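Please read the structure below before turning to the comments.
Written out as structure tokens, the structure is:
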């Protein structure tokens, strides 16, 4: 049985904000299906008593004084903007007419 | 004298003694790049004027007999995933093609303070996703030992530039083998430090729990020198560990008598190239000849590492790459009617096929209904893989494996089969999942003249021991002095 359907690929692509062509959807479904088939080998392992690893080094929350420090200048932060107006990033309209 | 043939420590010694001008050094490398770049295609961007400018400053200091910083005038190549203020940082992706960072990575600040110069930014697999550098949106980097073969990846440009003497050394990044595997394919010394050893501030993120910056160099001493400069805690990266940085060069004693070398039985796999297998056996005999003791160890979950990696790495990547939305920097589609449409088209037009595939796999593994079955499962298996190393290191000081199951492969050979490409990282991936350091050094050549990589894996934060072993091996063998005929 297929691990992933074309319909699921379309759903995941929407979640990932990724437009796919018809051909890409076709190819992606086949390739993800084969990769997920390989990944199924993890089911051979009983992990019911195993804690997950999210980081390999001990992590502590790092605190610092809430002090004003020099940071990126506004012009520098805007220098790479694809489109801008004054000191704002400009984007296409969000709300339909 | 052909200065470009020299190592970092040789150049450093000549410059420090005032015997060679840093300007001459840089110019020699620039000429070499001019001769080689058409064939090798290692660089995305060259920064000759900047390099010569800094070299002149050091030349003047030399003239005034002032004390120079330790790596003054040593020219390096930097993987195009490391942010460099005022110099394009593209990740070999269309989506960042015109991105010029307003800040520099911590590793760049540290190299700069040590006096090292940047010659340019090197080609890579797009966003460091790949094992051959074929996923670059811009060019195909060729392996200096055989121009019909890939240099490995994702740090293929850095590895090829070092092997072809187009720089004295380089930086790369390693998420599943991206420093060590191209290092092995190109016959150089290439080290992935312990997770947390080097600051990731300014490294464009791929998989944040796995990524680590490290050196690619002509010999082990050079790798030690570069690591010493870039390692250490950084307040700008809270995952950088507050652990003292030893003098790595001082660890290169040549003495490994009594050291226990672990050989994992699981690393003899079907599909392993017989020439690789025999070179590794010979390398182990060399280590024994130097007085090391062989210990059989077991890493029983090795067979699950690739599957685990491709869930953990893609899940983290899908989240990290959400930022490429065409709003604040990078490419934006000119063809969008409204905001969501802009996101969708920008990402479709800006990302290449492998990046899309990994974003899809990662998004799927994190999505409702699949999180437990895939992502959480992978995190648990990651624990088992870590425990394998903890157990094995109770019985040995280092673990020795091939860097890759095969030498460099031909262009196009694995491009249509993502899974086969992923499996070329089978011996390096576990090191990232466990967070342990590893170094690849050249341990011989195939009959067709391709280098073979030997990997030495160490305990967390014990880069000293793997450097010592790799250096002792290097001193006992001729391989690191070989250069490709170009």
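Residue numbers (this note's numbering), protein chains in the order written: chain A, 1 to 97; chain B, 1 to 486. Idealized CB from N, CA, C, for every residue including glycine. Predicted model, so just to flag it, every value in this text is computed and none were measured.
Handout entry: Between the CA atoms of residue 447 (chain B) and residue 28 (chain A) - distance to the nearest angstrom
Key = As a position in the first chain, residue 28 (chain A) is number 28, starting the count at 1. As a position in the second chain, residue 447 (chain B) is number 447, starting the count at 1. Those two C-alpha atoms are separated by around 38 Å.
Practice task
Compute the beta-carbon to beta-carbon distance between residue 130 (chain B) and residue 148 (chain B), rounded to the nearest angstrom, for a pair I have assumed lies under 8 Å.
Solution key: In the second chain, the residue the question calls residue 130 (chain B) occupies position 130. In the second chain, the residue the question calls residue 148 (chain B) occupies position 148. Actually they do not touch by this definition, with Cβ atoms about 18 Å apart.
Handout entry: Boundaries (first-last residue) of the beta strand (DSSP E) holding residue 261 (chain B)
Key = Numbered from 1 along the second chain, position 261 holds the residue referred to as residue 261 (chain B). 260-264 is the extent of the beta strand (DSSP E) around residue 261 (chain B).
Exercise for the section: Give the interface partners of residue 343 (chain B) over in chain A, defined as CB-CB distance under 7 Å, in chain order. Expected result: Residue mapping note: residue 343 (chain B) aligns to position 343 of the second chain, counting from 1. Those are 17, listed as they occur along chain A.
Exercise for the section: Verify the CB distance criterion: does residue 340 (chain B) have a CB-CB separation below 9 Å to chain A? Expected result: Looking up residue 340 (chain B) in the second chain gives position 340. Answer yes: the Cβ-Cβ gap between residue 340 (chain B) and chain A drops below 9 Å somewhere.
Exercise for the section: Express the C-alpha separation of residue 443 (chain B) and residue 124 (chain B) in angstroms, rounding to a whole number. Expected result: For the purposes of this step, residue 124 (chain B) is identified with residue 124 of the second chain, where counting begins at 1. For the purposes of this step, residue 443 (chain B) is identified with residue 443 of the second chain, where counting begins at 1. If I take the Cα positions, the gap works out to 24 Å.
Practice task
Can you give me the start and stop residues for the alpha helix (DSSP H) that residue 28 (chain B) sits inside?
Solution key: On the second chain, residue 28 (chain B) is found 28 positions in, with the first residue counted as 1. Its alpha helix (DSSP H) spans residues 22-40.
Exercise for the section: Enumerate, from N- to C-terminal direction, the unbroken beta strand (DSSP E) stretches of 3 or more residues contained entirely within the segment 217-297 of chain B. Expected result: Taking only runs of at least 3 residues, the beta strand (DSSP E) segments lying wholly in the segment 217-297 of chain B are 260-264 and 293-297.
Practice task
Would you list the one or two residues that DSSP bridges to residue 174 (chain B)?
Solution key: Position 174 of the second chain, counting from 1, holds the residue named residue 174 (chain B). Bridge partners of residue 174 (chain B): B:212.
Exercise for the section: Report the rounded CA-to-CA distance for residue 386 (chain B) versus residue 161 (chain B), giving the unit in angstroms. Expected result: In the second chain, the residue the question calls residue 386 (chain B) occupies position 386. In the second chain, the residue the question calls residue 161 (chain B) occupies position 161. Rounded to the nearest angstrom, the two C-alpha atoms are 33 Å apart.
Exercise for the section: Counting only the same chain and skipping the five closest in sequence on each side, list residues whose C-beta sits under 7 Å from that of residue 327 (chain B). Expected result: Here the question's residue 327 (chain B) lines up with position 327 in the second chain. No residues qualify anywhere along the chain.
Exercise for the section: In angstroms with no decimal places, state the Cα-to-Cα distance between residue 77 (chain A) and residue 163 (chain B). Expected result: The sequence position of residue 77 (chain A) within the first chain is 77, counting from 1. The sequence position of residue 163 (chain B) within the second chain is 163, counting from 1. Spanning the two alpha carbons is a distance of roughly 37 Å.
Exercise for the section: Would you list, in chain order, the members of the segment 180-204 of chain B that have their beta-carbon closer than 9 Å to a beta-carbon of chain A? Expected result: Residues passing the 9 Å Cβ filter: 194, 195 and 196.
Problem - chain B contact for residue 26 (chain A) (CB, 9 Å cutoff) - result: Residue numbering aside, residue 26 (chain A) sits at position 26 when the first chain is read from its first letter. So no, residue 26 (chain A) is outside the interface.
Exercise for the section: State the Cα-Cα distance for the pair residue 56 (chain A) and residue 299 (chain B), rounded to the nearest angstrom. Expected result: By one-based count along the first chain, residue 56 (chain A) stands at place 56. By one-based count along the second chain, residue 299 (chain B) stands at place 299. Their backbone Cα atoms lie some 17 Å apart in a straight line.
Practice task
Measure the Cβ-Cβ separation of residue 115 (chain B) and residue 29 (chain B) and say whether it is below 9 Å.
Solution key: Sequence index remark: in the second chain, residue 115 (chain B) carries index 115 (1-based). Sequence index remark: in the second chain, residue 29 (chain B) carries index 29 (1-based). No. Outside cutoff.
Exercise for the section: Tell me whether residue 84 (chain A) sits in a helix, a strand or coil according to DSSP, three-state version. Expected result: For the purposes of this step, residue 84 (chain A) is taken as the residue at position 84 of the first chain. Reduced to three states, the DSSP call for residue 84 (chain A) is strand.
Practice task
Determine the DSSP secondary structure at residue 432 (chain B), reduced to helix, strand or coil.
Solution key: The residue labelled residue 432 (chain B) in the question sits at position 432 within the second chain. Residue state, collapsed to three classes: helix.
Problem - Close beta carbons around residue 242 (chain B), own chain, < 8 Å, minus the five adjacent residues each side - result: Walking along the second chain from the start, residue 242 (chain B) turns up at place 242. 233.
Exercise for the section: May I ask you to verify whether the segment 412-425 of chain B touches the segment 70-85 of chain A, counting CB pairs closer than 8 Å and requiring at least 3? Expected result: Put simply, the segment 412-425 of chain B does not touch the segment 70-85 of chain A. Fewer than three CB pairs are less than 8 Å apart.
Exercise for the section: Just the C-alpha distance for residue 551 (chain B) and residue 101 (chain B), rounded to the nearest angstrom, thanks. Expected result: Nothing can be reported for residue 551 (chain B), as the shown portion of chain B is limited to 1 through 486.
Practice task
Could you tell me if residue 351 (chain B) is buried or exposed, where buried requires 16 or more neighbouring beta carbons within 10 angstroms of its beta carbon?
Solution key: Taking the first residue of the second chain as position 1, residue 351 (chain B) is located at position 351. With a 10 Å radius around the Cβ and a threshold of 16 neighbouring Cβ atoms, residue 351 (chain B) comes out buried.
Handout entry: Three-way DSSP call (helix, strand, coil) for residue 118 (chain B) in this model
Key = Residue 118 (chain B) sits at position 118 when you count from the first residue of the second chain. For residue 118 (chain B), the secondary structure class from DSSP, reduced to helix, strand or coil, is strand.
Exercise for the section: Measure the C-alpha to C-alpha separation of residue 212 (chain B) and residue 86 (chain B) and round it to an integer number of angstroms. Expected result: Taking the second chain and counting its residues from 1, the one referred to as residue 212 (chain B) is at position 212. Taking the second chain and counting its residues from 1, the one referred to as residue 86 (chain B) is at position 86. Whole-angstrom Cα-Cα distance: 23 Å.
Practice task
Run down chain A in chain order and give the residues with a C-beta less than 7 Å from the C-beta of residue 326 (chain B).
Solution key: Taking the second chain and counting its residues from 1, the one referred to as residue 326 (chain B) is at position 326. Here the neighbours are 82.
Handout entry: Distance between residue 61 (chain A) and residue 244 (chain B) (C-alpha atoms, nearest Å)
Key = Sequence index remark: in the second chain, residue 244 (chain B) carries index 244 (1-based). Sequence index remark: in the first chain, residue 61 (chain A) carries index 61 (1-based). Each residue's alpha carbon lies about 20 Å from the other.
Exercise for the section: Starting from residue 111 (chain B), trace the alpha helix (DSSP H) both ways and give me its first and last residue. Expected result: Position 111 of the second chain holds residue 111 (chain B). Bounds of the alpha helix (DSSP H) holding residue 111 (chain B) are 106-113.
Practice task
Within the segment 364-416 of chain B, note down every full beta strand (DSSP E) run reaching 3 residues or more, in order along the chain.
Solution key: Here the runs fully enclosed are 398-402.
Problem - Euclidean distance between Cα positions of residue 110 (chain B) and residue 225 (chain B) - result: On the second chain, position 110 is the one that residue 110 (chain B) refers to. On the second chain, position 225 is the one that residue 225 (chain B) refers to. The alpha-carbon atoms of residue 110 (chain B) and residue 225 (chain B) are separated by roughly 12 Å.
Practice task
Go ahead and label residue 166 (chain B) buried or exposed: buried means 16 or more other beta carbons lie within 10 angstroms of its beta carbon, across all protein chains shown.
Solution key: As a first step, residue 166 (chain B) is located in the second chain; it is residue number 166 there, counting from the start. Answer is buried; the Cβ neighbour count reaches 16.
Exercise for the section: Assign residue 200 (chain B) to one of two classes, buried (16 or more other C-beta atoms within 10 Å of its C-beta) or exposed (fewer than that). Expected result: On the second chain, position 200 is the one that residue 200 (chain B) refers to. It is buried - the Cβ of residue 200 (chain B) has at least 16 other Cβ atoms within 10 Å.
Practice task
Using the DSSP secondary-structure output, state which residues sit across from residue 203 (chain B) in a beta bridge.
Solution key: Translated into the one-based positions of the second chain, residue 203 (chain B) becomes position 203. Under DSSP, residue 203 (chain B) forms a beta bridge with B:82.
Handout entry: Short CB-CB distance (under 9 Å) between residue 15 (chain B) and chain C
Key = Chain labels in this structure do not include chain C; the protein chains are A and B.
Exercise for the section: Rounded to whole angstroms, what's the CA-CA distance from residue 90 (chain A) to residue 157 (chain B)? Just pull it up for me. Expected result: One-based indexing of the first chain puts residue 90 (chain A) at position 90. One-based indexing of the second chain puts residue 157 (chain B) at position 157. Cα-Cα distance, rounded: 36 Å.
Practice task
Would you check if the segment 283-303 of chain B and the segment 258-274 of chain B touch, i.e. whether three or more CB-CB distances between them fall below 8 Å?
Solution key: Touching, yes.
Exercise for the section: Could you tell me whether the Cβ of residue 70 (chain A) comes closer than 9 Å to any Cβ of chain B? Expected result: The sequence position of residue 70 (chain A) within the first chain is 70, counting from 1. No, because no Cβ of chain B sits closer than 9 Å to the Cβ of residue 70 (chain A).
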